[in-house]
Amino acid sequence: MRKNEVMALAAAIYDEDQLAELDHAIDFSTEKHKGQKRMSGEPYISHPLSVAYTLVSWGMDIDSVLAGVLHDTVEDTEVTLDEIENLFGRDVSFLVDGVTKVSKARAGMRDLDSYLPQTKDNLSKLLIAVSHDVRVIIIKLADRLHNLETLQHLPQDKQKKIARESLSVFAPMADRLGMGRVRMQIEELAFSYIDPVEFKRLKTLMKKRLGKSTRKLGAVRVEVEKELKKEKIDCEINGRVKSIYSLYKKLKKVNGNIDDIYDLMALRIIVPDNETCYRVLGILHSMYQPMIARIKDYIAVPKPNGYQSLHTTVITPNEQIVEFQIRTREMHEYAESGLAASFHYHEQKNSKNYTRKKSAVHLPAELQWITQMQEVASKLREGEEISQNQLNVDLFGDRIFVFSPKGDIYNLPEGALPLDFAYLVHSDVGKHSYSFRVNGNIHAFDKPLHNGDVVEVTTRKLSQPKKDWQELVTTTHARTKLRMQLRKLGVLQAVSGAAAIIRDKAMRKNKSKNQK
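This is how it looks when you write it as structure tokens:
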């Protein structure tokens, strides 16, 4: 990737002042990375330029693109965050710092295969949570995408490790942010390194299948276009081919029988508005026999990541099974690019009427963060001032993620206390807890932890759990471990004994009443 390619693409999106900033950032990064090489032998600057090019192609705001150009300077050169802030502004410095923190958090972890159970399932959530500003994650996805595209230059063991991490962490993260196209690219590249033999086999199998059905699908497409034109419906119809990794996952569900997979190819119909989506659905069902169990209304009930579309599978008179996806242009952009698509809508989409129509009222509670980010993105593109609080979006509601001093990650409920953390690390760590430091400062036992805290437990062998600790834990796990330890120490025996005496007295009293 070269500077002139990035600048040429950017010229169609950004104004003269923004282009001047980008030009300056590229020259600055090129100078700072001077002499550094990638494993391919290319100058290192080719990587940040590729990341920036991807971010421009996604339509991200200029600060995200500048951060993409500069994202490795603080970690790999002598450049400081203060220097970035002085030259390119606080927002860019904040984003570069966020990307650097995510990298350091990952570097401090153990290999994926040896994660503690409570961290493995939540790693992608953690990476989003520690960044605070969702743009950090979008920059990180662009970074990971280019690393996968150049993976062939690394040793095989590193190829497999990065591919596994990409498949189990970065692809689900892209999906969580609704970035379907990016998820698919990451999955395809990663899978081709994890199981190259199976990847090639499925690619060949798919090619054979598509060769047979492409012509038949073309005939259906012409037929549908003709009918929709007759109904005076403005639309765009194109084909969608199932990805190799999606095929791999689907085959596992149907015992390897590709004949049971109906959506190897699908026709996508893009129309102006929601009402037309439902009109088209009715027309398709009047033309072909619908498979009732395969009608999905993701417009009325969006997927958890915000995806919206109508899906239906029909049987044609020639007994061909065809899947259709019907959506608006905006739904399509979101399905492809997720939150990154929000940054595309910065002209008529920012009008007051549009904003009123795009309220969060019709979205379920778990999706309101998406609307919030879309509104923030629109304001950023308009050049409005955005406070840090507006960019701090809690994607996971009532969960927090805290770190050990070594960088291990622990998932706790909101409001968790230090002893909850200690018992989650190990029951013996909880048992011998003497004091806590959070972010380097002494922390009281009854003071809640917060997202991103680094928690250090000081233990002493002579320190033992106390009865009043029961008021200083909030999780079931910590409470159970603590009560077991207290029983062993005899602290709860007196309570249990008293309860038994009261119970016996009550039983004798009832027996006496019955005899009377």
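Anchor point for the sequence shown: position 436 equals 1607 in our numbering, and the numbering is continuous, going up by one each time. For each residue, glycine too, the CB sits at the ideal point set by N, CA and C.
- For D1194, the closest C-alpha among the options K1205, R1173, T1447 is that of R1173.
- CA-to-CA, the gap between R1352 and D1468 works out to about 21 Å.
- Shown here, G1351 sits in a helix according to DSSP, grouped into three states.
- Straight through space, the alpha carbons of F1607 and F1592 are spaced by roughly 10 Å.
- Taking the C-beta atoms as reference points, L1322 is found nearer than 8 Å to I1333.
- In the three-state reduction of the DSSP assignment, G1601 falls in the helix class.
- Residues K1467, Q1496 of the same chain have their beta carbon placed closer than 6 Å to that of H1482, with the five preceding and five following residues left out of the count.
- Under the three-state reduction of DSSP, M1436 is assigned to strand.
- Out of L1338, A1345, T1375, the CA that lies nearest to the CA of I1365 is found in L1338.
- Straight across, the Cα-Cα distance linking M1502 with L1438 is about 15 Å.
- Residue pairing from DSSP leaves S1508 without any beta-bridge partner.
- N1476 is classed as buried because its beta carbon has at least 16 other beta carbons within 10 Å across all chains shown.
- For A1615 and R1631, the gap between their C-alpha atoms comes out near 17 Å.
- Taking a cut-off of 8 Å for Cβ pairs, the region 1253-1272 and the region 1201-1216 do not touch, as fewer than three such pairs fall below it.
- Between N1175 and K1371, the alpha-carbon positions lie close to 36 Å from each other.
- Beta-bridge analysis with DSSP links R1500 to no other residue.
- Assignment of beta-bridge partners to R1411 by DSSP yields A1437.
- Rounded to the nearest whole angstrom, the CA to CA distance from V1368 to T1385 is 26 Å.
- The continuous beta strand (DSSP E) containing H1614 extends over residues 1612-1614.
- Taken through DSSP and simplified to helix, strand or coil, H1204 comes out as coil.
- One alpha carbon belongs to E1254, the other to I1440, and they sit about 49 Å apart.
- For N1582, the uninterrupted beta strand (DSSP E) run begins and ends at 1580-1584, by DSSP.
- In this structure, the beta-carbon distance from I1197 to V1222 does not fall below 8 Å.
- Annotation for T1244: the continuous alpha helix (DSSP H) segment containing it runs 1244-1247.
- Beta-bridge analysis with DSSP links F1574 to I1580, V1625.
- Annotated three-state conformation of E1396 is helix, per DSSP.
- Membership of V1596 in the alpha helix (DSSP H) is indicated by the continuous run 1589-1596.
- The residue among Y1581, V1250, G1230 with its C-alpha nearest the C-alpha of T1201 is V1250.
- Taking all protein chains in view, the Cβ of E1192 is crowded by 16 or more other Cβ atoms within 10 Å, so the residue is classified as buried.
- Rounded to whole angstroms, the gap between the alpha carbons of S1217 and V1391 is 45 Å.
- DSSP, reduced to helix, strand and coil, places V1644 outside both helices and strands of the structure shown, so it counts as coil.
- Beta-bridge partners assigned by DSSP to S1606: T1629.
- Membership of T1225 in the alpha helix (DSSP H) is indicated by the continuous run 1217-1228.
- Bridge partners of D1468 according to DSSP: L1481.
- The alpha-carbon separation between S1235 and F1572 amounts to approximately 25 Å.
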